[in-house]
Amino acid sequence: MVKINSSCNLLQGFNFNRNNQSCIMHVKSLTVGTVMLNPDFDVIDPTTGDTSAVVGVGSYLGWRQQKTSPLFMRFYASHTNTADLSSYVRHNMDNTSVSFEVEIFEYDPNAKQYFKAFHCDAQSMNGEILCDSRGKLAGFIEKEPSTLVQSPLKYPINFGFSPAPEEQLFITQTSNTIKVCNRWGVKSA
């Protein structure tokens with residue numbers, strides 16, 4: 071089975087340099103329960119060169135590319151978003167539903183341009199936060215800021231998400247022209 075195991079360059083994600091062709095991950099949106107994170111980081115979309123507001127810049131995404139397999143990601147968010155999410159996770163976790171949009175960009179050396187290697191075609195993906203066998207969340211939010219990139223101030227967040235009981239699509243690409251649609255989630259009867 072093919073797996074997605076993307077390690078992305080955090081420095082390149084926050085400080086895009088066209089001469090560095092590293093993998094980049096943007097978390098465009100994330101809602102956990104009733105907490106919607108604010109897109110408060112301005113980053114460069116490497117496919118267009120335009121500025122885009124995101125809730126986080128990622129360093130890892132993993133998925134087995136199976137309909138019911140969970141998706142794991144590590145990304146870095148602002149102090150405000152981290153504080154809001156931490157408060158909700160610690161005090162109000164009666165709703166573990168998630169909605170998110172994520173994009174991974176890779177460089178095509180033949181076309182000499184970036185392309186979206188993993189994305190959800192501008193659709194929000196729906197799921198649940200994974201929990202372990204004791205009911206504890208499969209993830210954590212760091213209390214200390216990361217020092218991997220000096221500015222902006224950012225905090226690591228790690229979560230695993232299982233798909234909602236509905237058919238959704240992730241698109242994987244190996245170049246700007248070769249795309250594959252991957253189903254995530256199974257519609258319940």
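Quick note, this note's numbering runs 70 ahead of the 1-based positions in the sequence shown. All residues carry an ideal CB built from backbone N, CA and C; glycine is no exception.
Put residue i into one of helix, strand or coil per three-state DSSP.
i	result
Leu207	strand
Asn75	strand
Ser148	coil
Ala181	coil
Phe142	strand
Gln136	coil
Report yes if the C-beta distance between residue i and residue j is below 9 Å; otherwise report no.
i	j	result
Ser97	Gly119	Per the sequence shown, the amino acid found at residue 97 is Val instead of Ser. Not in contact: Val97 and Gly119 (Cβ atoms no closer than 9 Å).
Tyr225	Glu214	yes
Leu155	Val113	no
Asn252	Ile241	yes
Cys185	Gln243	Reading off the sequence, residue 185 comes out as Phe, not Cys. Yes, the Cβ-Cβ distance between Phe185 and Gln243 is below 9 Å.
Lys190	Gln238	Reading off the sequence, residue 190 comes out as Cys, not Lys. Yes, these two residues count as a Cβ contact at 9 Å.
Phe188	Ile174	yes
For residue i and residue j, which I take to be in contact (beta-carbon distance under 8 Å), what is that distance rounded to the nearest angstrom?
i	j	result
Asp178	Ser245	5 Å
Val168	Met95	With a Cβ gap of about 17 Å, Val168 and Met95 do not count as contacting.
Tyr158	Val102	6 Å
Pro140	Phe231	6 Å
Name the one or two DSSP bridge partners that residue i has.
i	result
Glu171	Ser99
Pro226	Tyr146
Leu131	Ser76 and Met143
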